[in-house]
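> Numbering (the working numbering), first residue to last: 12 to 433.
Could you have a look at this structure, given as structure tokens, before my questions?
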Amino acid sequence: MSKLEELLQKLCPNGIEYKKLGNAISIERGKRLVREQLVIDGKYPVFQNSLTPLGYHTNCNYPADTVYMIGAGAAGEIGFSSVDFWAADDCYPLVCGDDISSKYLYHVLLRLQPKIKSRVRKASIPRISRDSIAQLKIPVPPLEVQREIVRVLDSFTLLTAELTAELTARKKQYEFYRNKLLSFDTRDSENSEFAWKTLGQLGKWSGGKTPSMAENSYWEGGTIPWISSKDMKSSTLLDTEDHITEKAIREISMTVYPRNSIAVVTRSGILKHTFPVAYVPFETTINQDIKMLVVDEGILPRYAFHLIQGKGKDILAKTKKQGGTVDSLDFQKVLNYRVPVPSLAVQERLVKVLDNFDAICNDLNIGLPAEIVARQKQYECYRDSLLTFAETGSIIPAEQSRAEQSRAEQSRAERAEQSRAG
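Take a look at the structure:
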């Protein structure tokens, strides 16, 4: 019998009490900051409309080990801060009392994420209200049970964090080599012949639209991908969160872009620190915060993608608009940004090398990315099993529990040994 089963039999033999979230904890709202109050080198991260800090501040308004939910933008996303932070007005800090562990609440809400997302109100800026959050029901076992669940689940998240850190280091190495290859050092005879072109000369650029959210026939049953900023999380897109209908295409004259186009974000809070670029291997539409490049003959789409992604930090620094309520780029400056373009033969050679690097860092079917996905699925399966005990009256068998934890510990040990050997 596992420790968790023993605790359940001892402390709650008749099942677990469920409570509405609004009755179990305090759902609070952060305090607004204006742009001028953000600083680069502040001590405390500021969370507003995504799990990535909007910036930093010299003060905090919530302590470390607090769960929070994004109320607008990436609405419904769940965060857990291990440091003191500032919650802005589109961030809902979820403050626990003495009977609920904040880390336990975090794991529970991650499991409820699909239900939470279903309560998000679709609009140009997606939102979720505190009232709708308050109606969610969560299991509230005794603290000893909560702590044991957290202990087990944290063993899985620790491994995922270690793998993610290793992948981040590998991506930095990839970025170094990519930038070296795309520098076109004239001392390198193989890379000495190229022409300078502006990004505007690489092909045709254009933007998109957002069909009215009030018109259900534009969205219900839609099969045509529609890219918005929230989709731009990977270097190669596999699909989009939202899809629109043929009726939307016809009635508001949406452009359907061909396969192998390159999408960039030109208006979003994420531009405060990142310039998202993605290769799109399927036909799609886009919203007004995205610009799409369809390359001309003589330019390989994958070369254009690697080039723009590799120059992303410099493009962001030189084209970002100053002021404004939402971060955006001066797109005319983007179009005028100069880049090196070699012959097709050289483009093909560079693409082959860079695609191999990109696959090692981003392909979910191989290497570290695949292992991270596998561990995340393992965590989710285990979490869901642990947190359904009140409904099913059963727990994962102790033998399976020990086996899963043993595999996680063995994987960590193997990676540590490989690191020492390297």
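Glycine included, every Cβ here is placed at the ideal spot set by N, Cα and C.
Just how far apart, CA to CA, sit Lys30 and Val106?
As a working mapping, residue 30 is identified with position 19 in the sequence shown. As a working mapping, residue 106 is identified with position 95 in the sequence shown. Approximately 15 Å, taken between the alpha carbons.
> Any beta carbon of chain B sitting closer than 8 Å to that of Ser166?
No chain B is part of this structure, which consists of one protein chain only.
> Starting from the Cα of Asn60, find the closest Cα among Gly84, Val345 and Ala180 and give me that residue.
Taking the first residue of the sequence shown as position 1, residue 60 is located at position 49. Per the Cα distances, Gly84.
> From Ser140 to Thr330, what does the alpha carbon distance come to, in whole angstroms?
Position 129 of the sequence shown, counted from the start, is the residue given in the question as residue 140. Position 319 of the sequence shown, counted from the start, is the residue given in the question as residue 330. Cα to Cα, the separation comes out at about 35 Å.
> Are there 16 or more other CB atoms within 10 angstroms of the CB of His317, so buried, or fewer, so exposed?
Position 306 of the sequence shown, counted from the first residue, corresponds to residue 317. Its Cβ being crowded by 16 or more others within 10 Å, His317 is buried.
> For Asp95 and Pro287, I'd like the C-alpha separation in whole angstroms.
For this step, residue 95 is matched to residue 84 along the sequence shown. For this step, residue 287 is matched to residue 276 along the sequence shown. Asp95 and Pro287: Cα-Cα distance of roughly 28 Å.
> My output table needs one value for Ala40: the three-state DSSP class, helix, strand or coil.
Against the sequence shown, residue 40 aligns to sequence position 29. A small fix is needed here, since residue 40 is Arg in this sequence, not Ala. Three-state DSSP puts Arg40 in coil, outside helix and strand.
> Exposed or buried, Thr296, counting other C-beta atoms within 10 Å across all chains shown (16 or more means buried)?
As a working note, residue 296 is residue 285 in the sequence shown. Buried is the call here.
> Based on the DSSP secondary-structure assignment, which residues constitute the bridge partners of Thr77?
Position 66 of the sequence shown, counting from 1, holds the residue named residue 77. In the DSSP output, where bridge partners are listed per residue, Thr77 has Ser92.
> Rounded to the nearest angstrom, what separates Gly321 and Ser143 at their Cα positions?
Stepping through the sequence shown from its first residue, residue 321 is reached at position 310. Stepping through the sequence shown from its first residue, residue 143 is reached at position 132. In a straight line, the C-alpha of Gly321 is about 42 Å away from that of Ser143.
> What separation, rounded to the nearest whole angstrom, lies between the Cα atoms of Gln387 and Ile371?
Against the sequence shown, residue 387 aligns to sequence position 376. Against the sequence shown, residue 371 aligns to sequence position 360. Spanning the two alpha carbons is a distance of roughly 18 Å.
> Could you spell out the range, first to last residue, of the alpha helix (DSSP H) harbouring His317?
Sequence index remark: in the sequence shown, residue 317 carries index 306 (1-based). Unbroken alpha helix (DSSP H) run through His317: Pro312 to Gly321.
> When DSSP labels each residue in this structure, what does Glu420 get in the three-state scheme?
Taking the first residue of the sequence shown as position 1, residue 420 is located at position 409. No answer about Glu420 holds up, because its pLDDT of 49 lies below 50 and its placement is not dependable.
> Rounded to a whole number of angstroms, what is the C-alpha to C-alpha distance between Phe58 and Leu49?
Looking up residue 58 in the sequence shown gives position 47. Looking up residue 49 in the sequence shown gives position 38. Using only the alpha carbons, I get a separation of about 11 Å.
> Just how far apart, CA to CA, sit Ser245 and Asn373?
The residue labelled residue 245 in the question sits at position 234 within the sequence shown. The residue labelled residue 373 in the question sits at position 362 within the sequence shown. If I take the Cα positions, the gap works out to 8 Å.
> Measure the C-alpha to C-alpha separation of Thr247 and Asn367 and round it to an integer number of angstroms.
Locating residue 247 in the sequence shown gives position 236, counting from the first residue. Locating residue 367 in the sequence shown gives position 356, counting from the first residue. For Thr247 and Asn367, the distance between alpha carbons rounds to 13 Å.
> List, from N- to C-terminal side, the alpha helix (DSSP H) runs of 4 residues or more that fit wholly inside the region 91-167.
You should have 113-122, 124-128 and 141-145.
> Just how far apart, CA to CA, sit Tyr188 and Asp369?
Indexing the sequence shown from 1 puts residue 188 at position 177. Indexing the sequence shown from 1 puts residue 369 at position 358. For Tyr188 and Asp369, the distance between alpha carbons rounds to 11 Å.
> Which value, in whole angstroms, describes the spacing of the CA atoms of Glu391 and His118?
The residue given as residue 391 occupies position 380 in the sequence shown. The residue given as residue 118 occupies position 107 in the sequence shown. About 9 Å.
> Does Thr175 come out as helix, strand or coil in the three-state DSSP assignment?
On the sequence shown, residue 175 is found 164 positions in, with the first residue counted as 1. Helix.
> Specify, as a first and last residue, the run of the beta strand (DSSP E) that Gly214 falls within.
One-based indexing of the sequence shown puts residue 214 at position 203. Here the beta strand (DSSP E) through Gly214 covers Gly214 to Gly218.
> Which parts of the region 332-396 are runs of the alpha helix (DSSP H), unbroken and 4 residues or longer, counting only runs that do not cross its ends?
The qualifying runs are 342-347 and 355-373.
> Shortest alpha-carbon distance to Ile383 belongs to which of Ser354, Val131, Val267 and Phe167?
Reading the sequence shown from its first residue, position 372 is the one you call residue 383. The residue with the shortest Cα to Cα distance from Ile383 is Phe167.
> What whole-angstrom Cβ distance do Lys324 and Gly66 have, given they're in contact under 8 Å?
For this step, residue 324 is matched to residue 313 along the sequence shown. For this step, residue 66 is matched to residue 55 along the sequence shown. Their Cβ separation, rounded to whole angstroms, is 17 Å, which puts Lys324 and Gly66 out of contact at 8 Å.
> Can you look up Phe187 in the DSSP assignment and give me helix, strand or coil?
For the purposes of this step, residue 187 is taken as residue 176 along the sequence shown, with counting starting at 1. Correct three-state label for Phe187: helix.
> Since Lys302 sits in a beta bridge, which residues does DSSP pair it with?
Within the sequence shown, the letter at position 291 stands for residue 302. Answer by DSSP bridge pairing, in chain order: Gly218 and Val275.
> Counting Cβ pairs, one atom from each stretch, are 3 or more of them under 8 Å apart for the region 86-93 and the region 35-51?
Touching, no, given that fewer than three Cβ pairs across the two stretches are closer than 8 Å.
> Work out the CA separation of Leu44 and Lys344 for me, nearest whole Å.
Taking the first residue of the sequence shown as position 1, residue 344 is located at position 333. Taking the first residue of the sequence shown as position 1, residue 44 is located at position 33. Using only the alpha carbons, I get a separation of about 29 Å.
> Span of the alpha helix (DSSP H) holding Ile260?
Reading the sequence shown from its first residue, position 249 is the one you call residue 260. Taken as a continuous stretch (DSSP letters only), the alpha helix (DSSP H) holding Ile260 covers Glu257 to Glu262.
> Using CA coordinates, which residue listed in Glu204, Ile263 and Tyr314 is at the minimum distance from Lys363?
Locating residue 363 in the sequence shown gives position 352, where the first residue counts as 1. Per the Cα distances, Tyr314.
> Taking Gly84 as part of the beta strand (DSSP E), name the residues at either end of that continuous run.
Looking up residue 84 in the sequence shown gives position 73. Unbroken run through Gly84: none, as it is neither H nor E.
> Span of the alpha helix (DSSP H) holding Lys54?
By one-based count along the sequence shown, residue 54 stands at place 43. No alpha helix (DSSP H) holds Lys54; DSSP gives it neither H nor E.
> Taking Gly66 as part of the beta strand (DSSP E), name the residues at either end of that continuous run.
Along the sequence shown, read from residue 1 onward, the residue named residue 66 stands at position 55. Run containing Gly66: Gly66 to His68, per the beta strand (DSSP E) assignment.
> Identify whether Glu28 lies in helix, strand or coil by the three-state DSSP scheme.
If you number the sequence shown from 1, residue 28 lands on position 17. In the structure shown, Glu28 sits in a strand (DSSP, three-state: E or B).
> Taking C-alpha atoms, which residue in Ser228, Ile301, Gly33 and Arg130 lies nearest to Ser240?
The sequence position of residue 240 within the sequence shown is 229, counting from 1. When only C-alpha atoms are compared, the closest one is Ile301.
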